[in-house]
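Participant: Residue numbers (full-length UniProt numbering), protein chains in the order written: chain X, 1 to 333; chain A, 1 to 333; chain P, 1 to 211; chain C, 1 to 211.
We put the CB at the ideal spot given by N, CA and C, even for glycine.
Please see the structure below; I have some questions.
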Amino acid sequence: MKKLINKPEDVVKEELEGIAVAHPDLVKVHFDPNFIVRADAPIQGKVGIVSGGGSGHEPMHGGFVGLGMLDAACPGAVFTSPTPDQMLEATKAVNGGAGVLHIVKNYTGDIMNFEMAADLARAEGIEIESVVIDDDVAVQDSLYTAGRRGVGTTVLAEKICGAAAEQRRSLKEVADICRKVNGWGRSMGMALTSCTVPHVGKPTFDLPEDEMEIGIGIHGEPGRTRMKIKPADEIVEMLMEPIISDLPYKAGDEVLLFVNSMGGTPLIELYIVYRKAYEIATKHGLKVVRNLIGPYITSLEMAGTSITMLKMDDDLIKLWDAPVKTPGLRWGV
Amino acid sequence: MKKLINKPEDVVKEELEGIAVAHPDLVKVHFDPNFIVRADAPIQGKVGIVSGGGSGHEPMHGGFVGLGMLDAACPGAVFTSPTPDQMLEATKAVNGGAGVLHIVKNYTGDIMNFEMAADLARAEGIEIESVVIDDDVAVQDSLYTAGRRGVGTTVLAEKICGAAAEQRRSLKEVADICRKVNGWGRSMGMALTSCTVPHVGKPTFDLPEDEMEIGIGIHGEPGRTRMKIKPADEIVEMLMEPIISDLPYKAGDEVLLFVNSMGGTPLIELYIVYRKAYEIATKHGLKVVRNLIGPYITSLEMAGTSITMLKMDDDLIKLWDAPVKTPGLRWGV
Amino acid sequence: MVITRDDVLEWITRYAEILAENRDYLTQLDAAIGDADHGANMDRGFQAVMKKMPEMRDKDIGTIFKTVGMTLLSTVGGAGGPLYSTIFLQAGMKTTGKMELTLQDWIDALEAGVNGVKMRGKAELGDKTMIDALVPALNALKQAAENGTTLSDALERSARAAEEGMKATIPLVARKGRASYLGERSAGHQDPGATSSYLLLRTAAEQWKNN
Amino acid sequence: MVITRDDVLEWITRYAEILAENRDYLTQLDAAIGDADHGANMDRGFQAVMKKMPEMRDKDIGTIFKTVGMTLLSTVGGAGGPLYSTIFLQAGMKTTGKMELTLQDWIDALEAGVNGVKMRGKAELGDKTMIDALVPALNALKQAAENGTTLSDALERSARAAEEGMKATIPLVARKGRASYLGERSAGHQDPGATSSYLLLRTAAEQWKNN
Ligand SMILES: Nc1ncnc2c1ncn2[C@@H]1O[C@H](COP(=O)(O)OP(=O)(O)O)[C@@H](O)[C@H]1O
Ligand SMILES: Nc1ncnc2c1ncn2[C@@H]1O[C@H](COP(=O)(O)OP(=O)(O)O)[C@@H](O)[C@H]1O
Ligand SMILES: [Mg+2]
Ligand SMILES: [Mg+2]
Ligand SMILES: [Mg+2]
Ligand SMILES: [Mg+2]
Chain X
1 MKKLINKPED VVKEELEGIA VAHPDLVKVH FDPNFIVRAD APIQGKVGIV SGGGSGHEPM
61 HGGFVGLGML DAACPGAVFT SPTPDQMLEA TKAVNGGAGV LHIVKNYTGD IMNFEMAADL
121 ARAEGIEIES VVIDDDVAVQ DSLYTAGRRG VGTTVLAEKI CGAAAEQRRS LKEVADICRK
181 VNGWGRSMGM ALTSCTVPHV GKPTFDLPED EMEIGIGIHG EPGRTRMKIK PADEIVEMLM
241 EPIISDLPYK AGDEVLLFVN SMGGTPLIEL YIVYRKAYEI ATKHGLKVVR NLIGPYITSL
301 EMAGTSITML KMDDDLIKLW DAPVKTPGLR WGV
Chain A
1 MKKLINKPED VVKEELEGIA VAHPDLVKVH FDPNFIVRAD APIQGKVGIV SGGGSGHEPM
61 HGGFVGLGML DAACPGAVFT SPTPDQMLEA TKAVNGGAGV LHIVKNYTGD IMNFEMAADL
121 ARAEGIEIES VVIDDDVAVQ DSLYTAGRRG VGTTVLAEKI CGAAAEQRRS LKEVADICRK
181 VNGWGRSMGM ALTSCTVPHV GKPTFDLPED EMEIGIGIHG EPGRTRMKIK PADEIVEMLM
241 EPIISDLPYK AGDEVLLFVN SMGGTPLIEL YIVYRKAYEI ATKHGLKVVR NLIGPYITSL
301 EMAGTSITML KMDDDLIKLW DAPVKTPGLR WGV
Chain P
1 MVITRDDVLE WITRYAEILA ENRDYLTQLD AAIGDADHGA NMDRGFQAVM KKMPEMRDKD
61 IGTIFKTVGM TLLSTVGGAG GPLYSTIFLQ AGMKTTGKME LTLQDWIDAL EAGVNGVKMR
121 GKAELGDKTM IDALVPALNA LKQAAENGTT LSDALERSAR AAEEGMKATI PLVARKGRAS
181 YLGERSAGHQ DPGATSSYLL LRTAAEQWKN N
Chain C
1 MVITRDDVLE WITRYAEILA ENRDYLTQLD AAIGDADHGA NMDRGFQAVM KKMPEMRDKD
61 IGTIFKTVGM TLLSTVGGAG GPLYSTIFLQ AGMKTTGKME LTLQDWIDAL EAGVNGVKMR
121 GKAELGDKTM IDALVPALNA LKQAAENGTT LSDALERSAR AAEEGMKATI PLVARKGRAS
181 YLGERSAGHQ DPGATSSYLL LRTAAEQWKN N
């Protein structure tokens, strides 16, 4: 295992210590239970937004805490959803009296832990709305399974809901926007290499030099199919087709196109991916009105990419453009 | 070779095509000769700032074109300095009558090509200043060799000079600030893995699973020494010691601390590195007043990190904080 | 023919050791169809439980179970955290104040735990989860009690039933939890949660075999 | 006993082929002590030169050399680009209007080119650069001319001297170019630029051996 770490069991703690000394102007880091909270929380009268999940997806979620995005993030162990006590403390820390939105990615662990935290918070008199993100078209949607995973749309939902909360919209409105974003967002990912979970010490799966996994999630889990590696343009077609046909997006739709690195894929390749994704979207009559390109929701050092498309309307565009000031996303301020 | 590319010979062209469709609001991309220029160039009365170098270091330089940073960037083939015709055309495109600054990393190829371009531009009546960045303490400084490489300080110089030019400071002033930044900046890097140049198809060097290279540059070249891999804290000490003692930085100095990913190292590890670098800087009495953490000057997908420290004064801090709006760096606007 | 408070503490202690020994094994299983953390999660949780030993030593079994449950809740995370925590919290409610457990007490406690897991996780038998080890084990216990077998015999049967249930997860296509994202590709692998549940019941059978 | 315009064009054409064949070899050499692009750079440059063949065909040697130089300048990049471009541009100035070259013309052209490289790159003999192949080759040519040998014999001697100079770079510690960043670690490897320069002169000797 080649990583810039000390002891595997200290990875998350030391990462948080790094964040604490790096961004004291933006965030405060609490330990035991671990959570990252806006330096100016709680903000009276503003809906608080809390998210969280396993570590290893940086900058998500901790890097998205700050003005115009999350009020708090709860990092679990690497790829392990955090625990209800973290979520409860984070919720209390950001409660400004207008209620708190939990943005939860659709994993059994995240769902159950956030459910318990919401129950506990409600018991303390805090109004809670929970919205589950399940945008991964690589997984068949079904009532009889855990359903779809929550992936790239999470980042977009956090930005957009953060802006809505900043405008002092009500808990119900912010939660409704979150549901709309989830309903309008679709993602699909692929991996060229596995990642290595620090406490495991070797790659989660073996992928021969000439093969790739299509339909991976963000936890180093294998994808839906393994196949020979192909040119970028063909790979992008394999990711875009199921996205576009799933919603389905219609000619004339305005969309945000988000090309994400799984962690180990550099920007030079992302632009090659973006070029083709943009071409395909345009060929389908979609109007790419906004975009995001970079490593925003990662799987440690995994090489690969995911593409997320989000249908936009005027309100979403305005919320997307609104100022954001976090360690991981910043503009307009 | 596992990369999201099509044909190796098309990598740079297709990356540029991606940038062109991704950021039409910020930049225009010219082909044959290749250069990226601010959408609103030339700006009358403003010093133009041009940089360039081999591709494979993204977001540097193309991602730093925009308000408050570069006016144009000239991308060469992967790891190959661009040619004088690119630089000449870029220089002409950004010349607003106040002269043009060339920020050149200290590599024989970059130096020679920029020299020729400067001669050609001067022959066309454009005032040119060239500042060479040579901040890499891994390389012995000597008059009898090519000297030190230009690495991380380049990113900081481009941001700071860009802000100075935006304030309509004169060519001489902007060039002097660039020289000051170069004089006050020191860097050192290390690699956990090699990168793979697309047209070569296999890693530039072989690095066993338990070894690392200390003192690497940004072109996949081997470093100064190879050794067994160590815990992050020890690695950071090995990078920080030569940096701090080289300038030398003195207790009480205000510094900017820049922890960079070589491309394949994810943010979670960078924060572990930052934590220790911050601790060491603080222990030496240095005051870390600003920082930058992320993949900003990369070597394709190489795993590893580099640390840059820049001594700051009030003017540099103000210029650092000034608005910047580029694909790769953005704040304040 | 009863399980004393000390038996319970020894069982928990031994299970913590078993988890440490099987940490990599459980993680391997989870790497194949999940995210390679089940061993580490369970081990972290039960190490935290072991730190609570001093304060649990003189408590009743209900309090012990509830302490284990609360500790797991705040240290395990993932899907395993709430589920194992639920088992112990629910078992704790059924055993409040008790200093020893009869076979029937143990059945009641386990049943409450298993029902809690079903409620929380909404998994059915055959979904390729820990339910597939827990439910057969519970049924075997009940059957043994009806047949009037000894406590140790009943425990052995429940461990065997858990083992069979665990092995039966191998061919299944997962319908719940992270493995369900793999669809057909999840078949051919043993479920990690069913495995840790089997180990829990196997440890009970070994630990209490002279009761 | 002269080099005609067509000889020059054939030499350039053949060198382009040789570079394509040695592309990976040159890149390997550059990977060891540089950045693994010398083969690709030179190949790209001379492929671009080949595209200019139609327009060069009926020009004088000076114009041909200058066209090659300008083409390399805008297509090679790196250190190799300006240096090889300088060789051809300078040689072109010395041969303006000429339709054929005597041995002395060739010596003058190459000398101008080598001096240009020295000026631009500021490297000395022994710095582990292309200078280490070019300077011995030039000296051998001059010596041969003094001794009154035939053109083909002189060219063969210059190719051999370039080869020796190239091999002599192996033990050297680089003081110029990218390899100098490696310090002592650059010793033990043959310089890629000296190798491509050797190939240039070896191709001339082969191509013009019947002149
Ligand atoms: N809905 C569910 N009901 C019951 N058990 C479940 C459910 N979902 C997952 N599990 C169990 O949890 C185990 C995985 O636990 P763990 O690896 O700790 O959590 P995670 O999947 O969040 O990484 C699975 O092997 C399965 O036995
Ligand atoms: N200052 C110099 N003078 C002469 N030749 C040089 C100098 N610097 C480098 N070279 C030659 O250039 C070669 C490298 O060329 P190339 O790989 O194309 O450029 P780069 O080093 O920019 O990648 C070296 O092997 C060396 O022979
Ligand atoms: Mg997990
Ligand atoms: Mg090069
Ligand atoms: Mg798991
Ligand atoms: Mg080179």
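Tell me whether W331 of chain X sits in a helix, a strand or coil according to DSSP, three-state version.
Facilitator: Looking at W331 of chain X - three-state DSSP - the assignment turns out to be strand.
Participant: My understanding is that E158 of chain A touches F64 of chain A, with C-beta atoms under 8 Å, so please give their C-beta distance in whole angstroms.
Facilitator: 5 Å between Cβ atoms; contact.
Participant: Extract the residue ranges of the beta strand (DSSP E) inside the segment 249-273 of chain A, only unbroken runs of 3 or more that lie entirely within it.
Facilitator: Within the segment 249-273 of chain A, the complete beta strand (DSSP E) runs of at least 3 residues are 254-261.
Participant: I'd like to know whether the C-beta of G328 of chain X is nearer than 7 Å to at least one C-beta of chain P.
Facilitator: No - not a single Cβ of chain P is within 7 Å of the one on G328 of chain X.
Participant: Indicate whether at least one CB of chain A lies closer than 7 Å to the CB of A320 of chain X.
Facilitator: The sequence given here has Trp at residue 320 of chain X, not Ala. Not closer than 7 Å to any Cβ of chain A, the Cβ of W320 of chain X fails to qualify, so no.
Participant: Where does E127 of chain X sit, in a helix, a strand or coil, going by DSSP?
Facilitator: The answer is coil: DSSP assigns E127 of chain X none of H, G, I, E or B.
Participant: Any idea if G125 of chain X is buried or exposed, counting beta-carbon neighbours within 10 angstroms, 16 or more meaning buried?
Facilitator: The residue is exposed, with fewer than 16 neighbouring Cβ atoms inside 10 Å.
Participant: Closer than 7 Å, CB to CB, is M238 of chain A near chain C or not?
Facilitator: No, M238 of chain A lies away from the interface with chain C (no Cβ there is under 7 Å from its Cβ).
Participant: Provide the residue span of the beta strand (DSSP E) that contains L292 of chain X, from first to last.
Facilitator: K287 to G294 is the extent of the beta strand (DSSP E) around L292 of chain X.
Participant: Between which two residues does the alpha helix (DSSP H) carrying F46 of chain C extend?
Facilitator: Unbroken alpha helix (DSSP H) run through F46 of chain C: H38 to K51.
Participant: What does DSSP give as the partner residue(s) for I43 of chain A in the beta ladder?
Facilitator: DSSP lists no partner for I43 of chain A.
Participant: For a test of the three-state rule: what should DSSP assign to D136 of chain X, helix, strand or coil?
Facilitator: Three-state DSSP puts D136 of chain X in a strand.
Participant: With contact counted as at least three CB pairs below 8 Å, one residue from each stretch, are the segment 260-274 of chain A and the segment 298-316 of chain A in contact?
Facilitator: The segment 260-274 of chain A vs the segment 298-316 of chain A: in contact.
Participant: Rounded C-beta distance between A137 of chain C and T129 of chain C? I'm assuming under 8 Å.
Facilitator: Actually they do not touch by this definition, with Cβ atoms about 14 Å apart.
Participant: Using the C-alpha atoms, what's the distance from L83 of chain C back to G45 of chain C?
Facilitator: Each residue's alpha carbon lies about 12 Å from the other.
Participant: Taking just the CA atoms, how far does L19 of chain C sit from F88 of chain C?
Facilitator: Taking the straight line joining both Cα atoms gives about 16 Å.
Participant: Chain C partners of V139 of chain A, CB-CB under 7 Å?
Facilitator: Residues of chain C passing the Cβ test: Y181.
Participant: Looking at C-beta atoms only, is the number of pairs between the segment 226-234 of chain A and the segment 271-280 of chain A that lie closer than 8 Å three or more?
Facilitator: Contact between the segment 226-234 of chain A and the segment 271-280 of chain A is present, because at least three Cβ pairs lie under 8 Å.
Participant: Against chain X, does T305 of chain A count as a neighbour if the rule is that its beta carbon must be under 7 Å from one of theirs?
Facilitator: Yes, T305 of chain A lies at the interface with chain X (some Cβ there is under 7 Å from its Cβ).
Participant: Using 10 angstroms around the beta-carbon of I160 of chain A, count the other beta-carbons present and answer buried if the total reaches 16, otherwise exposed.
Facilitator: So I160 of chain A counts as buried.
Participant: Is G92 of chain P close to chain X, meaning its C-beta is less than 7 Å from at least one C-beta of that chain?
Facilitator: Cβ-Cβ to chain X under 7 Å: no for G92 of chain P.
Participant: For F35 of chain X, which of helix, strand or coil comes out of DSSP?
Facilitator: If DSSP states are grouped into helix, strand and coil, F35 of chain X belongs with the strands.
Participant: R186 of chain A by DSSP, collapsed to three states: which one?
Facilitator: Three-state result, R186 of chain A: strand.
Participant: Taking Cβ-Cβ distances below 8 Å as the criterion, which residues of the segment 60-84 of chain C are in contact with chain D?
Facilitator: No chain D is part of this structure, whose protein chains are labelled X, A, P and C.
Participant: Could you tell me the boundaries of the beta strand (DSSP E) in which P203 of chain X lies?
Facilitator: Counting along the chain, P203 of chain X falls outside any beta strand (DSSP E), and DSSP gives it neither H nor E.
Participant: Within 10 Å of its beta-carbon, does A165 of chain A have 16 or more other beta-carbons around it, so buried, or fewer, so exposed?
Facilitator: Burial call: buried.
Participant: State the Cα-Cα distance for the pair G148 of chain C and L141 of chain C, rounded to the nearest angstrom.
Facilitator: G148 of chain C and L141 of chain C: Cα-Cα distance of roughly 10 Å.
Participant: Mind checking which residues open and close the alpha helix (DSSP H) that includes L26 of chain C?
Facilitator: Here the alpha helix (DSSP H) through L26 of chain C covers R5 to I33.
Participant: With C-beta atoms as the reference, is A36 of chain C less than 7 Å away from V197 of chain A?
Facilitator: Against a cut-off of 7 Å, the Cβ pair of V197 of chain A and A36 of chain C comes out as a contact.
Participant: Let me confirm a value: Q104 of chain P is counted as buried when at least 16 other C-beta atoms fall within 10 Å, else exposed. Which label applies?
Facilitator: Exposed, since its Cβ has fewer than 16 Cβ neighbours within 10 Å.
Participant: Closer than 6 Å to a non-hydrogen atom of ligand 3 - does that hold for the CB of D37 of chain P?
Facilitator: Yes, ligand 3 has a heavy atom inside 6 Å of this Cβ.
Participant: For the segment 211-220 of chain X against the segment 134-149 of chain X, are there 3 or more C-beta pairs whose distance is under 8 Å?
Facilitator: Yes: at least three Cβ pairs fall under 8 Å.
Participant: In this structure, how does DSSP classify E124 of chain C when only helix, strand and coil are distinguished?
Facilitator: Residue state, collapsed to three classes: coil.
Participant: Can you determine whether any heavy atom of ligand 4 sits closer than 6 Å to the C-beta of G78 of chain C, and answer yes or no?
Facilitator: True, at least one ligand heavy atom lies under 6 Å from that Cβ.
Participant: Give a yes or no on whether 7 Å exceeds the smallest Cβ distance from D30 of chain C to chain A.
Facilitator: No, its Cβ sits nowhere closer than 7 Å to a Cβ of chain A.
Participant: Of all Cβ atoms in chain X, is any one closer than 7 Å to the Cβ of D132 of chain P?
Facilitator: Judged by the 7 Å Cβ criterion, D132 of chain P is not in contact with chain X.
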